[in-house]
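**Q**
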Amino acid sequence: MKAAEIFSSFYSKHKNSKLAIATHENADVDAIASAYVLKKYFPNSTIAIPEKIAYDAENFVKKFSINFEWFERLDPKNFDGLVAVDTSSKALLPAEKWKILLIIDHHRGEPDFDAEYKIIDENAGATSQIVAEILPVIDRESAFILAAGILSDTARFKRGSFEIFETFTKLLKRSGKTYDEVYDLGEPEKPNEAKKAVLTALQRAEFLELGGYIVAFSHIGTKESIAASLLSEIADIAFVASYKENEKIVRISARARKIVRVKLNEVMKEVGVALGGDGGGHEKAAGAQGRASEKEALEKCVEVLKKYI
Numbered sequence: 005m006k007a008a009e010i011f012s013s014f015y016s017k018h019k020n021s022k023l024a025i026a027t028h029e030n031a032d033v034d035a036i037a038s039a040y041v042l043k044k045y046f047p048n049s050t051i052a053i054p055e056k057i058a059y060d061a062e063n064f065v066k067k068f069s070i071n072f073e074w075f076e077r078l079d080p081k082n083f084d085g086l087v088a089v090d091t092s093s094k095a096l097l098p099a100e101k102w103k104i105l106l107i108i109d110h111h112r113g114e115p116d117f118d119a120e121y122k123i124i125d126e127n128a129g130a131t132s133q134i135v136a137e138i139l140p141v142i143d144r145e146s147a148f149i150l151a152a153g154i155l156s157d158t159a160r161f162k163r164g165s166f167e168i169f170e171t172f173t174k175l176l177k178r179s180g181k182t183y184d185e186v187y188d189l190g191e192p193e194k195p196n197e198a199k200k201a202v203l204t205a206l207q208r209a210e211f212l213e214l215g216g217y218i219v220a221f222s223h224i225g226t227k228e229s230i231a232a233s234l235l236s237e238i239a240d241i242a243f244v245a246s247y248k249e250n251e252k253i254v255r256i257s258a259r260a261r262k263i264v265r266v267k268l269n270e271v272m273k274e275v276g277v278a279l280g281g282d283g284g285g286h287e288k289a290a291g292a293q294g295r296a297s298e299k300e301a302l303e304k305c306v307e308v309l310k311k312y313i
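For what it's worth, this note's numbering labels the leading residue of the sequence shown as 5, then goes sequentially.
#1: Could you tell me if Val141 is buried or exposed, where buried requires 16 or more neighbouring beta carbons within 10 angstroms of its beta carbon?
#2: Excluding sequence positions up to five away, which residues of its chain have a Cβ less than 8 Å from the Cβ of Ala278?
#3: Helix, strand or coil: how does DSSP classify Ser156 here?
#4: Is His223 helix, strand or coil by DSSP?
#5: Measuring CB atoms only, is the segment 39-49 touching the segment 137-154, in the sense that at least three cross pairs come out at less than 8 Å?
#6: Determine, using beta-carbon pairs with one atom in the segment 283-292 and one in the segment 108-117, whether at least three such pairs fall under 8 Å.
#7: Kindly say whether Lys273, judged by its beta-carbon, lies nearer than 9 Å to any beta-carbon of chain B.
#8: If we call anything under 9 Å between Cβ atoms a contact, is Ile104 one with Leu86?
#9: Taking three-plus beta-carbon pairs below 8 Å as touching, is the segment 217-234 in contact with the segment 255-268?
#10: In angstroms, rounded to a whole number, what distance separates the CA positions of Asp125 and Ala7?
#11: Just to confirm the assignment: which complete beta strand (DSSP E) runs, minimum length 3, are found wholly within the segment 54-120?
#12: Using the Cβ count rule (16 or more neighbours within 10 Å means buried), how would you classify Gly216?
#13: Could you pull out every residue in the same chain whose Cβ sits closer than 6 Å to the Cβ of Ser132, ignoring the five residues on either side in sequence?
#14: Please report how far the alpha carbon of Phe46 lies from the alpha carbon of Ile25, in whole angstroms.
#15: Pull the bridge partners of Arg259 from the DSSP assignment, please.
#16: Taking C-beta to C-beta, are Lys22 and Thr50 nearer than 9 Å?
#17: What do you reckon, are the CB atoms on Ala245 and Phe221 nearer than 9 Å?
#18: How big is the Cα-Cα spacing for Arg77 and Ile313?
#19: Are there three or more Cβ pairs, one per stretch, closer than 8 Å when the segment 51-60 is compared with the segment 169-178?
#20: Since Asp240 contacts Ile224 with CB under 8 Å, what's their CB separation in whole angstroms?
#21: If distances are taken between C-alpha atoms only, which option among Glu120, Ala31, Ala198 and Met5 comes closest to His18?
#22: Looking only at DSSP bridge pairs, what is Tyr217 linked to?
#23: On a Cα-Cα basis, can you pick out the residue from Leu106, Glu29 and Ala61 that is closest to Trp321?
#24: Of all the options Asn269, Leu268, Arg255 and Glu137, which has the alpha carbon lying nearest to the alpha carbon of Glu228?
#25: Between which residues of its own chain and Ile230 is the CB-CB distance below 6 Å, once the five residues before and five after are set aside?
#26: Of the choices Gly283, Ala205, Asp282 and Ile123, whose alpha-carbon is the least far from that of Tyr15?
#27: According to DSSP, is Met182 helix, strand or coil?
#28: Do Arg163 and Ile190 count as a contact pair if the criterion is CB distance below 9 Å?
#29: With 16 other CB atoms within 10 Å as the buried threshold, where does Asp60 fall?
#30: Using the DSSP secondary-structure output, state which residues sit across from Lys248 in a beta bridge.
#31: Who does Asp125 pair with in a DSSP beta bridge?
#32: Thinking C-alpha only, which one of Ala242, Lys200, Ala52 and Gly285 is nearest Ser92?
#33: Taking the continuous alpha helix (DSSP H) assigned at Ala205, which residues delimit it?
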């Protein structure tokens with residue numbers, strides 16, 4: 005059954021259900037854009053976000069006055085079920101107590117939890133792309149938002165395909181917005197806090213040559229994904245770790261240039277499990293979390309990477 009048909013079947017059955025439409029923790033533009041547009045189709049739904057929102061998505065939430073609840077505060081007994089958006093990882097969405105009705109995701113790897121309906125397309129550039137392709141009707145605001153989600157999650161089309169460009173072009177035309185307007189929504193100016201964090205990561209950066217690739221690694225208190233992305237503009241592979249004192253866990257963001265033949269989603273899955281947590285993502289952009297120090301986490305990344313090179 006095609007994705008649009010699966011969604012049509014789900015919609016017919018659950019359009020009036022009381023749903024929690026949940027993203028992954030540290031929700032980004034793609035995740036929130038997808039959840040926000042889906043909520044329009046399910047009037048009795050609530051957008052739920054675990055723990056925190058990524059800096060680029062904060063601007064998005066304010067601009068559209070998006071109402072949401074923190075996932076941890078919701079009681080599954082008050083809902084008919086949950087829609088998992090842009091994730092199927094229990095580490096990023098601890099939904100063990102929930103009845104999962106639908107998963108919409110584009111990340112690689114087997115889902116950690118089962119669902120009544122699944123729409124998973126690993127070839128999609130963003131979950132926003134999947135949402136755009138399964139909805140029968142998209143209003144102008146939704147087209148604008150989903151276009152920004154695609155631009156953001158493909159890192160300004162560093163990952164691309166005919167289908168991605170085709171869907172983005174249709175959304176841009178439907179939205180009535182210019183490319184610059186979509187760009188500003190999907191890639192907002194970084195706050196000074198993020199700039200300082202990235203510069204600190206650069207100061208601490210070390211590197212080695214492994215299998216013909218330059219591998220950089222660093223550690224930082226926050227904004228590890230931004231730092232990893234910047235490091236990978238120069239290095240072939242970058243790992244940036246950040247220890248979260250409140251949660252007593254370490255998070256590692258990994259990025260790779262397109263010349264790298266290693267699948268980072270597989271590397272980070274193994275790293276996460278080895279550290280007592282979980283990991284995954286895309287072939288060139290992935291992450292993991294677990295119980296370890298920043299030093300131990302980065303050493304594990306290099307150790308596992310060697311097995312894949």
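No residue lacks a Cβ here, since even glycine has one placed at the ideal position from N, Cα and C. All of these numbers come straight from a predicted model, not from anything done at the bench.
**A** Short version:
#1: Exposed.
#2: Leaving aside the five residues that flank Ala278 on each side, the residues in its chain whose CB is nearer than 8 Å to its CB run, in chain order, Gly294, Lys304 and Val308.
#3: The answer is helix: DSSP assigns Ser156 an H, G or I state.
#4: In the three-state reduction of the DSSP assignment, His223 falls in the strand class, which pools E and B.
#5: They touch, by the three-pair rule.
#6: Under the three-pair Cβ rule at 8 Å, the segment 283-292 counts as touching the segment 108-117.
#7: As a matter of chain content, chain B is missing from the structure shown, which is built from one protein chain.
#8: Yes, the Cβ-Cβ distance between Ile104 and Leu86 is below 9 Å.
#9: Flag = yes, the segment 217-234 and the segment 255-268 touch.
#10: Rounded to the nearest angstrom, the gap between the Cα atoms of Asp125 and Ala7 is 9 Å.
#11: The beta strand (DSSP E) runs lying completely inside the segment 54-120 and spanning 3 residues or more are 85-89 and 104-109, given in chain order.
#12: By the C-beta density criterion, Gly216 is exposed, having fewer than 16 other C-beta atoms within 10 angstroms.
#13: Excluding residues within five positions, the ones whose Cβ falls inside 6 Å are Asp34, Ala37, Ser38, Leu150, Gly153 and Ile154.
#14: Across the structure, Phe46 and Ile25 are spaced so that their CA atoms are roughly 9 Å apart.
#15: Ala242 and Ala289, per the DSSP bridge assignment.
#16: Cβ atoms of Lys22 and Thr50: closer than 9 Å.
#17: Taking the C-beta atoms as reference points, Phe221 is found nearer than 9 Å to Ala245.
#18: Their backbone Cα atoms lie some 43 Å apart in a straight line.
#19: No, because fewer than three Cβ pairs between the segment 51-60 and the segment 169-178 fall closer than 8 Å, the two stretches do not touch.
#20: 20 Å between Cβ atoms; not a contact.
#21: Residue Glu120 is the option with its Cα nearest to His18.
#22: Answer is Leu214, bridged to Tyr217.
#23: With the chain represented from 5 up to 313, any question about residue 321 goes unanswered, as that position is not in the structure.
#24: It is Arg255 whose Cα lies nearest to the Cα of Glu228.
#25: Within the same chain, Ile230 has close Cβ partners Ala198 and Val202.
#26: Selection Gly283, Ala205, Asp282 and Ile123 evaluated against Tyr15 yields Ile123 as nearest (Cα-Cα).
#27: First, the amino acid is wrong: residue 182 is Thr here, not Met. The answer is coil: DSSP assigns Thr182 none of H, G, I, E or B.
#28: Residue identity check: residue 190 is Gly in the sequence provided, not Ile. It is not a contact, given that the beta carbons lie outside the stated cut-off.
#29: The residue in question, Asp60, is buried, as its Cβ has 16 or more Cβ neighbours within 10 Å.
#30: According to DSSP, which records beta bridges pairwise, Lys248 is partnered with Ile253.
#31: DSSP links Asp125 through a beta bridge to no other residue.
#32: Of the listed residues, the one whose Cα sits closest to Ser92 is Gly285.
#33: Per DSSP, Ala205 belongs to the alpha helix (DSSP H) from Asn196 to Arg208.
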